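Asks: Let me give you the structure first, and then I'll get to my questions.
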Amino acid sequence: ELGLLTDLRKLALEDNAIVDSGPPLQNLTELTSLSLRYHFLRGPFPPEIALLTKLQRLDLRSTDVSGSLPALDQLTQLKYLDVSHSKNLTGTIPEQLCATLKTALIDICTTGNTTTQLIECSCCNTTEWCAF
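The UniProt record's numbering puts the first residue of the sequence shown at 1, with every later residue one more than the last.
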């Protein structure tokens, strides 16, 4: 079982057709990179991601994650966040996380429908990635 790999540092389950709430992540406390992009991940944003305090890279591009983006302020080492093309995700990148992510790449383009960005971010310059 994936949850038993407690020393795992990088996990990429990309282009995966498993349709569920995603892999169990709560025991993967050494993870520095997590990519579930193009995964048929459905349901609310996995709350256990917010507990992966060593995470530096989080890629949830083009998933079916829904609901609000949780507070990710415990992810103080995060350098890359991509939730672009996740059409059911809403919320705000917390100001505290913005301070942590001064040199990070945050891609929130085309969240929501194709004409409306549903994730707010005061520290993001989305024009760098978005082609409206």
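Note that beta-carbon positions come from the ideal geometry of N, C-alpha and C, so glycine has one too.
Note that the structure is predicted; figures quoted are calculated from it, not measured.
What are the boundary residues of the beta strand (DSSP E) that includes residue 42?
Replies: 42-44 is the span of the beta strand (DSSP E), which, as asked, contains residue 42.
Asks: Using the Cβ count rule (16 or more neighbours within 10 Å means buried), how would you classify residue 78?
Replies: That one is buried.
Asks: Return the first residue and the last residue of the beta strand (DSSP E) that residue 32 is part of.
Replies: That residue, residue 32, is in no beta strand (DSSP E); it is neither H nor E in DSSP.
Asks: Going by beta-carbon coordinates alone, are residue 32 and residue 6 separated by less than 8 Å?
Replies: No. Outside cutoff.
Asks: Under the three-state reduction of DSSP, which class applies to residue 25: helix, strand or coil?
Replies: The answer is coil: DSSP assigns residue 25 none of H, G, I, E or B.
Asks: Here's a check: name, in chain order, each residue in its chain whose Cβ is nearer than 8 Å to the Cβ of residue 47, leaving out the five neighbours to either side.
Replies: The residues are 70.
Asks: Using the C-alpha atoms, what's the distance from residue 72 back to residue 59?
Replies: Their Cα atoms are separated by approximately 14 Å.
Asks: Could you give the DSSP three-state label for residue 71: helix, strand or coil?
Replies: Coil, per DSSP.
Asks: Among 95, 64, 54, whose alpha-carbon lies nearest the alpha-carbon of residue 89?
Replies: Taking only the C-alpha atoms, the option nearest residue 89 is 64.
Asks: Given this structure, state the Cα-to-Cα distance separating residue 75 from residue 49, to the nearest angstrom.
Replies: Going from the Cα of residue 75 to the Cα of residue 49 covers about 9 Å.
Asks: If you check the beta carbons only, do residue 68 and residue 91 fall under 8 Å apart?
Replies: For residue 68 and residue 91, yes; Cβs fall inside 8 Å.
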